[in-house]
Structures are given as structure tokens and as C-alpha cells.
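To start, the structure itself, in C-alpha cells.
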Amino acid sequence: MDDLRLSLLLNAVSPQVGGVLVRGEKGTAKSTMVRALAGLLPSIAVVDGCRFACDPAAPDTQCPDGPHDTAAPAAERATRLVELPVGVSEDRIVGSLDLERALAEGVKAYEPGLLAAAHRGVLYIDEVNLLNDHLVDLLLDAAAMGRSYVEREGVSVRHAARFLLVGTMNPEEGELRPQLLDRFGLTVEVAATREPVERAEVVRRRLAYDADPEGFAERWAQQEKELAARITAARALLPAVLLGDPALRQITAVCAAFEVDGLRADIVMARTAVALAAWAGRTEVTAEDVRTAAQLALPHRRRRNPFDAPGLDEEKLDQTLEQSAAEEPDGGPDDDGPGPEGPPDGGGPDGPSGGGQDAPEPEASEQEKSGEESAPSRTAPAPPQPAAPAASPYRTRLLTVPGLGEGAGGRRSRARTDSGGHTVRAARPTGALQRLHLAATVQAAAPHQLARGRDGRALRLRRDDFREQVREGRESNLVLFVVDASGSMAARQRMSAVKGAVLSLLMDAYQRRDKIGMITFRGSEAVLALPPTSSVEVGAARLEQLPTGGRTPLAAGLLRAHETLRLERLRDPRRRPLLVVVTDGRATGGSQALPDARRAAQLLAAQGTAAVVVDCESGPVRLGLAAELAQHLAGEAVRLEELAADSVTHLVTDLIHTDRGHSKQKEAA
Ligand SMILES: [Zn+2]
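As C-alpha cells, then:
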């Protein structure tokens, strides 16, 4: 908890540090700490009556409530903590512009949103990793520009929005996009309080409070006052803090050693070190400040795989700090050999690069368990074979989600979308009017003008005259692969073909701008090998190293998919998922293995998930289990051999499908 407290205080001292991301499991009192921070921040002066918190000393020239008179009365108020709930709407964040009123009455009706409320304060997002991607983009834009911007049909409003961003997340529920991770200056890992001493302290406080609530509150108020005074003092000292050359050299050496991308890490680290010095009442940055700054500013910026342990390698940090302190100004630190992980590789058969160290873990647990249970159809509990190389990728046929989606633009399934829109038609708005179809609106209003008593030149519009533009194009999807890596698939040649197929589908997904994820199952468990992301490189690297062998926990794989999709739907509700299960349909590990797998499949079907089973069964005797699984998933089965776009029948449907839209597909089939 001390790191969290320190991070929040450093941001209070120097808002330029750039916010805090708090990572930790549930029940760690993250939110309580964050909320307590706001009470400690010095109050601010605002222009009286301005809804956008303009500073009287320098009012926003574009303020919608402005222009403000320089002599406008000022007011003093506490710094705000604005909470942004995960299920929030776009209008609630950026504010709402009532276009209907603006058009019909000619007034600009703008209701400020949460970004306006958070200006010059703290914007707090609990479970930030579950925030809808579309809203994340809005936040990133505002954070980068320091302003918020709303436009509806040519009417626009903009206002300043600079805030301290604080987010909390439970990493078990999915990671954050790298772009958003990078927006947070610092990260802190918190664990639930298990230390007896800390627990005792919590209990003691509670008892003290119960015995004497007023006295307790008074003592706390006193402590808070002192803390607030110390923040104010540190703020005043901040401009005087000197970041000397040795400290700066250490910072750049550490950033280089941990292979962080871009210069942002160096800058955040420098600001943090300076804030630390000011907080300690010093005017010079020490080596210890640099060390602490590295621990807070770097963990989320180093290049890492989803399974890497959080935090920094302390030994490496100390070594780097020592080396760079001993060095002459011009001798750069010499890196000894390759880092723990090279850049992810496009996936040639020769390159298992990066992340190999996490592979052994599932093995260990599997071998432990294999002694206790004996499943009838299990293969020998031998260590897994070395990973089979992937066959060369090829162009795959187009797999789509049926129906009409509303997701972000792309090249996969049919959707109402702006990007790649082939057709535009008019329709009555279903929710708030987004994009006016002017011609259709005038047309709808025209016949009623006499009856409505039109006299002047203005058109008499009513709410139900409005028509909006509906554009139909293609959306991108979330393609979630569930890949069987068990013994039944482990024939080396077969596995190469399977990996080649998945690699081909991955590349196809990349070209169609999909988000991709991958779950693999073998032995005793299913692993989310690639949390939903847009990085096809990471997916390819994971695939390349995929070990095979062991039992076939198909049900576990499907259940993992169900859970992953449930969380992803919270995060990105408009993006429709396409589940691609790569399997021969077999399930082992007990007599219930197959029925369990079918129940899991039905659960996915009930969730409304579009699914395709890539049937990998081979050999002279075929059981047809994959096709059966597809039925339980209410999806389609495609034989591995038929996955290529140039297997003749599909070439035809694929072309028609891509070029002329869905309607022609049936004719060709
Ligand atoms: Zn203002």
C-alpha cells in the first residue's frame, strides 16, 4: 500500500507525472485510497459560474460559458474527483449537444460531460481495463490534447480538459491496451493485506473509531491537514529541484536496459524523480530517487509477454544503476547480450523468439496431476514434444459473423458503419440523432408545412421528421481462436498443418483489422495464451512456441472462451465476436469429458456467439465429432483442407461475398 500512497502523493506534488494505474485483485481497498487523495489536493480558484472550471488568471479562450471578463468574480473550491463508471455513455463523457434543439430552435444547447467536470481535477476510472475501447479512444484524445471536442453535424463545442488520470484494474480480468497503459505515468501493484501487523492496525483503527468517532475524526483531520501542508510545500519547492547529469544518465541507462519504447518513459521517470526529491524536501535528485522512480514508472512500459511477472527485475535495476554511476559521461552502458526477450517475430519456422520461459509452467502442473488420475484414453505422461513448426500461411476463405453489426470499421462482417460504407440510406433515428440525413428530413417535413401553419421562411420541423443516415459497410470483429494442442492432435505433421491454418487465419484477421485472441488447451487446463489484442505478431509468436501433447480438456477450452467473451463484451460491446475452434472434436479426461464439452458449447450458443469449427480430424476412420461440436455451437464446420480460399468452391463464394455483399452469396452456394 505504501507505493500506492506515494504514487498518489507524487502526482499531487507534480501533476506532470501523469497519473497512476493501480493493479490488484479485488478487495484491496484501492478505491478508498484513491478517493482519499482528492481530499488532500489544494483547492483551486475558478471563475464564478463557469461550468468549465476556468482559471480566473487565465480563462480558456474557447470556453463555452465565456468569454470571461478579466474582472469576473472568482471563487475558491476543492479539487474534484470525478468518477467515470465503466458502463458510461459517450454523451456522458464528452457532454451532449442537443442537435434537435439546435436545429429547430437555433440555440446551441450543450450539457457539459464528465471531462468538463474533471478539468483541473482527478478523473478516476475503476476497472479501467473493462472500459469500452471506443470510450478509451475518447479519453486518449482528450488526454493527449488537453481538450475535449464534440461535433454533431457541423455544430461543435470544445473546452479545456486537463486532468490527473487515476485508474484501477484487476489484471485477472484482462490487460489494458498498450496505448492506454502508456498514458499512465506510474503503475502500482497492490495485494490484499495479509500481513498480521497491517491487519491488526486496520482492526485497531476500527475499534478506536467505534470507541470515539469524534475524537478519531479529529485526529485524522489533523493528520490530513499536515499532509496537505506538506504537499503545498513540496509544490513550492518543485521548480528549485535540480536534476543533475549523473541522475539523468542513470535514468536513460535504466530505460535502455529495460528496453522501453519511446522517450516517454525517460521523461516520466525524470519528473517522478524530481517530485520525489521535492516531497523529501530536497533540491537535488539522488540515486535512490531514480531507483524509486524506475520502480513506479517502468513496469508497464517494458516490452513484455502476457505471462511475464509484473514489476521490475530488481537485480538488473541495481546493476544498471551502479554501472551508469561508475561510467564516464560519454561511455554508454554496454548491454550484455540479448535481453530476456527479443522483439516478437513475424513467425518464420525458424524463430521461437521471446517468451519461451513461460512455456514450462503448464507442464509441471500437468505432470503432478498425471500421477493421481488415470484417464482411459490419455497418452503417455511424457514431456511435451518440441513445438512443431507452422506450415507456410496461405489466403483463407472469409469467415463472417452473420447478421448486421454495428462495430468499428473493418473488412469482415456486414455492419452499419461509416468506414468502407458502400451504401447510405435514410432511416428514423433509433436513439439520439447522430448524423442528419438533410434531404430526407426536409422531404419528411415538406408535406406538413401548410398544416403546421408555416408563415415565415423557417421550415417547421417536428421531432418525427428527423431522418438519419445509415451507412452499410463492413466491421471488424473479435476473432477468438480456441486451439486444441493435446495429444490427439500431436502427430507432428498434423500439428504443423494446424498451426499453418491458425497462422493463416491470424494474418487474415490482421488484414481485416480484427482484434484477435487465443486460448489453447492441453493436459489439465485451458490457457488464455493471447488476451484479446490487435497484435498479430504476439499471436504468431505464441503459436510458434505452442507445446503439444497430453489430454484434451475441450470443455475447459470452451468455458475459458465463454468467460473471455463475457469480459470482452463489457469492454467493447459493439465488437461482435467470432469464435474459431480448431479441433478434431475429441475430448478426454474422464467419461464426462465429451458431454461436458457439449454443454460448454451450448452455453456459448446461448450467449449468441457466432462460431466456426475448423475440423482437424484425419486418418482413415473418421468420427465426425468436430461436425457434431459445430452443431452444439450452432455454428459452421469447415474441414482443415477446405480452409484455403483457393479450394475451388469457396473461392467463388469468397469473391462474391467480398465484392458485392452478402445478398449474392446464396445464389453462388
Ligand atoms: Zn469558463
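Quick note on numbering: our numbering labels position 20 of the sequence shown as 20, and the sequence is numbered without any gaps.
Heads up, the beta-carbon is just placed ideally off N, CA and C, and yes, glycines get one too.
> For Pro85, is the beta carbon positioned less than 7 Å from some heavy atom of ligand 1?
Replying inline: By one-based count along the sequence shown, residue 85 stands at place 85. No, ligand 1 has no heavy atom inside 7 Å of this Cβ.
> When the distance is taken between beta carbons, is Phe521 closer than 8 Å to Pro553?
Replying inline: Here residue 553 refers to the residue found at position 553 of the sequence shown. Here residue 521 refers to the residue found at position 521 of the sequence shown. Yes, these two residues count as a Cβ contact at 8 Å.
> Is any heavy atom of ligand 1 found at a distance shorter than 7 Å from the C-beta of Gly66?
Replying inline: Sequence index remark: in the sequence shown, residue 66 carries index 66 (1-based). Checking every heavy atom of ligand 1 against the Cβ of Gly66, one is found closer than 7 Å.
> CB-CB under 6 Å to Ser156, same chain, minus the five flanking residues each way: which ones, in chain order?
Replying inline: Translated into the one-based positions of the sequence shown, residue 156 becomes position 156. Once the five neighbours on either side are set aside, Ser156 has no close Cβ partner at all.
>> Can you check which of these residues, Gly624, Ile125, Ala610 and Arg35, is closest to Gly87 by C-alpha distance?
In response: As a first step, residue 87 is located in the sequence shown; it is residue number 87 there, counting from the start. The option with the nearest alpha carbon to Gly87 is Ile125.
> What's the C-alpha gap between Leu506 and Leu578?
Replying inline: By one-based count along the sequence shown, residue 506 stands at place 506. By one-based count along the sequence shown, residue 578 stands at place 578. About 13 Å.
>> Nearer than 7 Å: is that true of the beta carbon of Val47 relative to any heavy atom of ligand 1?
In response: Stepping through the sequence shown from its first residue, residue 47 is reached at position 47. Yes, Cβ of Val47 sits closer than 7 Å to a heavy atom of ligand 1.
> Taking DSSP as the reference, what is the three-state secondary structure of Asp484?
Replying inline: What you label residue 484 is simply residue 484 of the sequence shown in a count that begins at 1. Here Asp484 sits in strand by DSSP.
>> Only counting the same chain, and skipping five residues up and downstream in sequence, which positions put a Cβ closer than 6 Å to that of Val527?
In response: The residue you call residue 527 lines up with position 527 of the sequence shown. Cβ neighbours of Val527 beyond the five flanking positions: Thr520.
>> Which of the three DSSP states is assigned to Thr441 in this structure?
In response: On the sequence shown, residue 441 is found 441 positions in, with the first residue counted as 1. Residue state, collapsed to three classes: helix.
>> DSSP has Pro577 in a bridge; who is on the other side?
In response: As a first step, residue 577 must be located in the sequence shown, where it is residue number 577. Paired residue(s): Leu478.
> Can you list, in chain order, the residues of its chain whose CB lies under 7 Å from that of Thr609, leaving out five sequence neighbours each side?
Replying inline: Your numbering for residue 609 matches position 609 in the sequence shown. Once the five neighbours on either side are set aside, the close Cβ partners of Thr609 are Leu565, Pro577 and Leu579.
> Got a sec, what are the start and stop residues for the alpha helix (DSSP H) Leu115 sits in?
Replying inline: By 1-based counting over the sequence shown, the position of residue 115 is 115. Taken as a continuous stretch (DSSP letters only), the alpha helix (DSSP H) holding Leu115 covers Leu114 to Ala118.
>> Check for me: the alpha helix (DSSP H) holding Leu643 runs from which residue to which?
In response: Working through the sequence shown from its first residue, we reach residue 643 at position 643. It is not in any alpha helix (DSSP H) - Leu643 carries neither H nor E in the DSSP assignment.
> According to DSSP, is Gln62 helix, strand or coil?
Replying inline: If you number the sequence shown from 1, residue 62 lands on position 62. Reduced to three states, the DSSP call for Gln62 is coil.
> With C-beta atoms as the reference, is Val613 less than 8 Å away from Ala597?
Replying inline: Locating residue 613 in the sequence shown gives position 613, where the first residue counts as 1. Locating residue 597 in the sequence shown gives position 597, where the first residue counts as 1. It is not a contact, given that the beta carbons lie outside the stated cut-off.
> Based on the DSSP output, what are the partners of Ala160 in its beta bridges?
Replying inline: Mapped onto the sequence shown, residue 160 falls at position 160. DSSP lists Arg147 as partners of Ala160.
> Is the beta carbon of Glu475 sitting closer than 8 Å to the one on Gly405?
Replying inline: Looking up residue 475 in the sequence shown gives position 475. Looking up residue 405 in the sequence shown gives position 405. For Glu475 and Gly405, yes; Cβs fall inside 8 Å.
>> Between which residues of its own chain and His159 is the CB-CB distance below 7 Å, once the five residues before and five after are set aside?
In response: Here residue 159 refers to the residue found at position 159 of the sequence shown. Correct list, in chain order: Phe52, Asp60, Gln62, Cys63, Pro64, Ala116, Arg147 and Ser148.
> Do you know offhand how far Asp133's Cα is from Arg571's?
Replying inline: Your numbering for residue 133 matches position 133 in the sequence shown. Your numbering for residue 571 matches position 571 in the sequence shown. For Asp133 and Arg571, the distance between alpha carbons rounds to 7 Å.
> Taking Gly66 as the reference, which of Asp484, Asp48, Ala446 and Val260 has the closest Cα?
Replying inline: Within the sequence shown, numbered from 1, the residue matching residue 66 stands at position 66. Looking at Asp484, Asp48, Ala446 and Val260, the one whose alpha-carbon comes closest to that of Gly66 is Asp48.
> Quick one: Cα of Tyr110 to Cα of Glu151, how far?
Replying inline: Start at 1 with the first residue of the sequence shown, and residue 110 comes out as number 110. Start at 1 with the first residue of the sequence shown, and residue 151 comes out as number 151. Taking the straight line joining both Cα atoms gives about 11 Å.
> So is the beta-carbon of Phe163 under 7 Å away from any non-hydrogen atom of ligand 1?
Replying inline: Position 163 of the sequence shown, counting from 1, holds the residue named residue 163. No, since every heavy atom of ligand 1 falls outside the 7 Å radius drawn around the Cβ of Phe163.
>> Considering just the uninterrupted stretch of the alpha helix (DSSP H) at Gly24, what are its terminal residues?
In response: Residue mapping note: residue 24 aligns to position 24 of the sequence shown, counting from 1. From DSSP, Gly24 is part of no alpha helix (DSSP H) but of the beta strand (DSSP E) over Val20 to Gly24.
> Sorted by chain position, which residues of the same chain lie with C-beta nearer than 7 Å to Arg467's C-beta, five sequence neighbours on each side aside?
Replying inline: Here residue 467 is taken as the residue at index 467 of the sequence shown, counted from 1. Within the same chain, Arg467 has close Cβ partners Ala426, Ala427, Arg428, His437, Ala440, Thr441 and Ala444.
> Do Val268 and Leu243 have their C-beta atoms within less than 8 Å of each other?
Replying inline: Here the question's residue 268 lines up with position 268 in the sequence shown. Here the question's residue 243 lines up with position 243 in the sequence shown. Cβ atoms of Val268 and Leu243: not closer than 8 Å.
> Taking the alpha-carbon positions, what's the Val582 to Arg411 distance?
Replying inline: One-based indexing of the sequence shown puts residue 582 at position 582. One-based indexing of the sequence shown puts residue 411 at position 411. In this structure, the alpha-carbon of Val582 lies about 22 Å from that of Arg411.
>> I'd like the span of the beta strand (DSSP E) that includes Gly673, first residue to last.
In response: Because the chain is modelled from 1 through 669, residue 673 falls outside the range shown and cannot be assessed.
> Any idea if Ala606 is buried or exposed, counting beta-carbon neighbours within 10 angstroms, 16 or more meaning buried?
Replying inline: The sequence position of residue 606 within the sequence shown is 606, counting from 1. Exposed, since its Cβ has fewer than 16 Cβ neighbours within 10 Å.
>> Strictly by DSSP, which residues pair up with Thr520?
In response: Along the sequence shown, read from residue 1 onward, the residue named residue 520 stands at position 520. Paired residues: Val483 and Val527.
> Any idea what DSSP makes of Asp318, helix, strand or coil?
Replying inline: Start at 1 with the first residue of the sequence shown, and residue 318 comes out as number 318. Reduced to three states, the DSSP call for Asp318 is helix.
> What is the rounded straight-line gap between the Cα of Arg575 and the Cα of Asp508?
Replying inline: Residue 575 sits at position 575 when you count from the first residue of the sequence shown. Residue 508 sits at position 508 when you count from the first residue of the sequence shown. Taking the Cα positions, Arg575 is about 17 Å away from Asp508.
>> Could you check whether Leu296 and Asp3 sit closer than 8 Å to each other, using their CB atoms as the reference points?
In response: For the purposes of this step, residue 3 is identified with residue 3 of the sequence shown, where counting begins at 1. For the purposes of this step, residue 296 is identified with residue 296 of the sequence shown, where counting begins at 1. Yes, the pair counts as a contact, with Cβ atoms nearer than the cut-off.
>> For Ser618 and Arg494, which I take to be in contact (beta-carbon distance under 8 Å), what is that distance rounded to the nearest angstrom?
In response: Position 618 of the sequence shown, counted from the first residue, corresponds to residue 618. Position 494 of the sequence shown, counted from the first residue, corresponds to residue 494. Contact flag correct, Cβ pair sits at about 6 Å.
> Is Pro532 helix, strand or coil when you go by DSSP?
Replying inline: The residue labelled residue 532 in the question sits at position 532 within the sequence shown. Reduced to three states, the DSSP call for Pro532 is strand.
> Which of the three DSSP states, helix, strand or coil, is assigned to Tyr510?
Replying inline: For the purposes of this step, residue 510 is taken as residue 510 along the sequence shown, with counting starting at 1. Reduced to three states, the DSSP call for Tyr510 is helix.
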